[in-house]
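Chains as they are written, first to last, in my numbering: chain A, 1 to 464; chain B, 1 to 464; chain C, 1 to 464.
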């Protein structure tokens, strides 16, 4: 039994942190519960504890189960390195590599995989599982500055190499029950099918993490409110979402740098009164940001959207199945605001699907009352190029702007199922496809605009 | 006397940290001052120290007085849990609760209350009091990742239950004199009348904190410059402000998720050349953001404003006293920019005050030269509902969008005392109430706009 | 040899951390490399380590050379205090000062200066030098919460006092080779010619640092991608940049409070598809933000720009050499978006250069397809005042808005070398100087606009 609330997994007498840090942490939690039994109405009694993981490799063979508030698990190093690049280096070159694995304070998820189909019950494959019934909701669990590494992906039956499948049934942190004021900061997540899956979050903070080469990065499920996802570097696999949220209100997603792949960078189902602002978003497919299932009254503002092509050889031909009419931003919902975003669509015209189609940037698919204003769309036709080097391929693609040619796009497409929208200065007259008898449209002025009458330049006409 | 600059309150030989951590920390500060006496012009001498509070309950019966630079006080857990919910649970259910109090590294403020009326000299009730005269200004004091808990509120004479009054004369951190480069990060504050009161701040950083169930969260008083309030989760009581600033220049308030209640989410007095951008703001009353006392040249951009009704039974009928003509955003000052904000006003039409009034969203009360552009106002009439469960009431309210009906509002109201403003695309012609002979107005186009002449759609006329 | 991956420089047996922390850290790195030799294809072997610097003064006389991944160097205090103010206090007053130097966990850079001219090979003067050839790129090196202090500046030959020159050949952290997922958080940098110089960064995070009184704060050189510079307080010297980036793609610069001086607050060379959004920027000279060398498809949104005069006596007459026709924001590149920014230009009309010129705010110098929309320009003629007190001079200047008079400015200037731009609502007709036959312009409406025809208010005409 400890005589303090500061634990170190490497010095705890029960279990062996290198062999099974899960057993160690569970026995620490049992110690905390045994020591902190008093509920003192005067003023206290259950302050929780901090569990420290110094830098090192820690196998986790037993799932950690957390049901105490105020538990902080802290390391000294988020430890990311690219396993994806390493696994796509020819095996004969591995002995020449400086290191083969992520590092820092590194939890190696070695939980036996379930026989369930992947995704069936992902809670079983979670390194950290958090659940508590009764009242109050479990509060103020904090994770800080360590690495959770899923080690390998497994074959998905598609013919892709196993290590490129983004599938392995492993989850980093899984929160099953309603929770309050949790924090996840400065963590690293790599090679997990799901990095963070959190149900019923209130006032959650996911801040300044590094979440990459995971099937999905952040999934907020069930319902929740008043949370923030801020200042993270992340990028999911082609099957998953970098950020997914369901039935959340008052969610703030800002200052994130979200890189490929990600079937979507951000996907909302039934999310209301939330903000997606000021993020840098980069994807290789349409459907970068999807507001679905009546997601309403959200603000999508001053984000930078870049969609270009997969440049890295191992993933050529892989995508999320959406064609270029889907939109980089697609909205099914009411009264959303889309203001001041920059969109760069940099694609090879010959790769557009359906062949010969005009790609869509902002797509109002269903709903009413959306306000789309002051968005700038840049579109260019660039011959796709690829490389065996992930980093230089991406940088080359990012920096290629000179030799490209303009590409015709539909800046805003309003379907018949969406009406009473207002679309201002987000595309010239030909780039906004909307029934102007049921939507208010002011096209972006074109050259010579000022010399024409406003009547002409903002010409009437129903396009669909 | 220590032989290192790293102190732990639980191992320090003077005093008892559980009984009075204030006495312990003051004796540590005395030790630092006794040990660090040399002022060596060659290169050094007074590096300060870090004082560590492991998770645990620490009564603070003696005020900590800080007058040394480079002091860091650090814990391992912000420790928030909702005391407000607990105190509003029937007392007979308390034995069934998992825990009754906040936790983590928890400082319990047990300073004897002054006989002064609440608010009279709140510095007396401060857990941490910082003041130094002479030069240079005290610098680089840091607070990180512990909890300051005021324990109880006290009766305010209004008939509200004591624990709902937001009054107790206690302050978390009080900085009385000019200061430079302070940091407050990852802290928790709960049940304090004032969480943070800071005079004369330069280059202050208040980042990633959890400040809730406090009368006021952050008050920057006197004057100050070049500070930031970023990435915090917070919400004040109905009498106070979540953020208050006075005579500050160059203040950056961004990426905060500010929830109710708060008489104002943000209140500026005489603040200039500052930014309120990219925040998520939620309130139950008008006056969410107030720029008062000639607050000028500020940028209010890409924020999400939601005003709806108090849904939690214990606070029904409580408000900040402002009626619906006040505006969600009210401005008395010059040359401010209000750009790209989303406003959702979700109220029960029958509860509007004065009865039958048209609620105001953006209110230019005094001043000149303000620029209001590209703001989207959504307003709906929703029957108010309430619940005994704080969390589900709020989530239900947040997610309710379907069954509501449109509500007529004044998107922008310009009083006669404000002139030479520019109002663009922030409300249709009828929603902008301004003397068009002294203000420039371009109404948001309405459906059919493109088919009309611009002259007609942007019709002339003086509304007030 | 250590038996753990947690090192403390004050207890390491080799060297003396007070005398030469560089020797100590290098011997720790050697120990890490000697202990972590196994490359185990099964799952691990080289987790790296954390090196802790408690608060204290540490001379660094030997450059630290880092070539291992997953190394974290951590202190307990960013330790900034203004050396600039101190050095400009009369020497006879120094004995009365509470402290003379920065503090916290303070690394004092005492590397012998090279005989090279300043800037010739700044890597030689770096306290921390990071380089590794081969594969993979060095990953996840982290710096956290300590101070790097260059102590003194040296004469630059201009006649300025040595301590005001911003020159000393010292660099804080210098990364020479391609790197991945580095983090620099909560650090303090002071009196270095270059605080951070980083080549070839991928997914770098520079977050929540205090970087002031350095020649240059952050320089990202060579090329790089998908990085973020967020939530920092910083301000460079008049010769350098607060942020400089070269050939970067997908860089996110947001939520920073960047104060003077800085020849530029932000300077881009060949940077594409990046974001500068939501920052507070303050400078004493034109050229606050410069997008040069074909910087394209960037988003500059919802920033607050303030340009006013140097108010502090020791620096009167010092500037960056640019005249008032340069623009506060100057762009040479294509398809950039400039949306929703606030600009305050607060200058003494008599100090404008060339004398009698109309100052330029946004300058499109070269390129095509830029989108400039919804920017608000405030300009005032204020008699310049100065003071011997740095802090109160700045605050006074910041808060002075009342007695000023309007100043005529060119809100947007489009040179002949830039065409096919769209300029909307960013200045009235007379304030936008652009060839309307090759640029689309919609002037900000002026009072009485609604009563005129749109044709008149958006008058035709070619201004240049």
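Note that CB positions come from ideal geometry on N, CA and C, so glycine has one too.
Where residue i and residue j are concerned, what is the direct C-alpha to C-alpha distance, given to the nearest angstrom?
i, j, result
"residue 259 of chain B", "residue 281 of chain B", "6 Å"
"residue 374 of chain C", "residue 343 of chain C", "11 Å"
"residue 33 of chain B", "residue 237 of chain B", "39 Å"
"residue 251 of chain C", "residue 274 of chain C", "5 Å"
"residue 199 of chain B", "residue 227 of chain B", "12 Å"
"residue 58 of chain C", "residue 239 of chain C", "28 Å"
"residue 102 of chain C", "residue 359 of chain A", "56 Å"
"residue 465 of chain B", "residue 73 of chain B", "Shown here, chain B extends from 1 to 464; a query on residue 465 of chain B therefore has no answer."
"residue 451 of chain B", "residue 338 of chain C", "Residue confidence is low: residue 451 of chain B scores 41 on pLDDT, short of 50, so the model does not pin down where it sits. Its coordinate-derived value is still stated next. In a straight line, the C-alpha of residue 451 of chain B is about 30 Å away from that of residue 338 of chain C."
Between residue i and chain B, is the shortest Cβ-Cβ distance under 7 Å, so that the two count as touching?
i, result
"residue 344 of chain C", "yes"
"residue 412 of chain A", "no"
"residue 395 of chain C", "yes"
"residue 44 of chain A", "yes"
"residue 255 of chain C", "yes"
Would DSSP call residue i helix, strand or coil?
i, result
"residue 216 of chain C", "strand"
"residue 353 of chain C", "coil"
"residue 21 of chain A", "helix"
"residue 466 of chain A", "Beyond the ends of chain A as shown, which are 1 and 464, falls residue 466 of chain A; an answer cannot be given."
"residue 14 of chain C", "coil"
"residue 181 of chain B", "coil"
"residue 315 of chain B", "helix"
"residue 26 of chain A", "helix"
"residue 43 of chain B", "coil"
"residue 522 of chain B", "One cannot answer for residue 522 of chain B here, as it falls past the ends of chain B, which runs 1 to 464."
"residue 187 of chain B", "coil"
"residue 328 of chain A", "coil"
"residue 1 of chain B", "coil"
If we cut at 7 Å on Cβ distances, does residue i have a partner in chain A?
i, result
"residue 278 of chain C", "yes"
"residue 182 of chain C", "no"
"residue 272 of chain C", "yes"
"residue 25 of chain C", "no"
"residue 391 of chain B", "yes"
"residue 50 of chain C", "yes"
"residue 332 of chain B", "no"
Can you check whether the C-beta of residue i is within less than 7 Å of a C-beta belonging to chain C?
i, result
"residue 11 of chain A", "no"
"residue 435 of chain B", "no"
"residue 311 of chain B", "no"
"residue 431 of chain B", "no"
Item to check | Minimum length 3: unbroken beta strand (DSSP E) runs contained in the segment 240-292 of chain A | outcome: 241-246, 252-254, 264-269, 275-277, 280-283 and 289-292
Item to check | In chain order, each beta strand (DSSP E) run of at least 3 residues that lies wholly inside the segment 362-422 of chain A | outcome: 371-373, 376-381 and 410-414
Next on the checklist: Count Cβ pairs between the segment 128-141 of chain C and the segment 216-230 of chain C that sit closer than 8 Å; are there 3 or more?
Outcome noted: no
Checklist entry - What are the start and end residues of each continuous beta strand (DSSP E) run of 3 or more residues lying completely inside the segment 45-130 of chain C, in chain order? => result 49-53, 56-60, 64-66, 71-75, 105-109 and 126-130
Checklist entry - Enumerated in chain order, which unbroken segments of the beta strand (DSSP E) with a length of 3 residues or greater are wholly contained in the segment 131-179 of chain B? => result 142-144, 147-149 and 171-175
Checklist entry - Contact between the segment 263-279 of chain C and the segment 202-221 of chain B: three or more CB pairs below 8 Å? => result no
Next on the checklist: Three or more C-beta pairs under 8 Å: does that hold for the segment 364-372 of chain B against the segment 403-420 of chain B?
Outcome noted: yes
Checklist entry - Counting pairs of Cβ atoms below 8 Å between the segment 300-313 of chain A and the segment 282-291 of chain B, do you hit three or more? => result no
Item to check | Contact between the segment 425-437 of chain A and the segment 345-356 of chain A (3+ Cβ pairs under 8 Å) | outcome: no
Checklist entry - Looking at C-beta atoms only, is the number of pairs between the segment 173-180 of chain B and the segment 124-136 of chain B that lie closer than 8 Å three or more? => result yes
Next on the checklist: Does the segment 25-44 of chain A come into contact with the segment 94-110 of chain B, if we say contact requires no fewer than three beta-carbon pairs (one atom in each stretch) closer than 8 Å?
Outcome noted: yes
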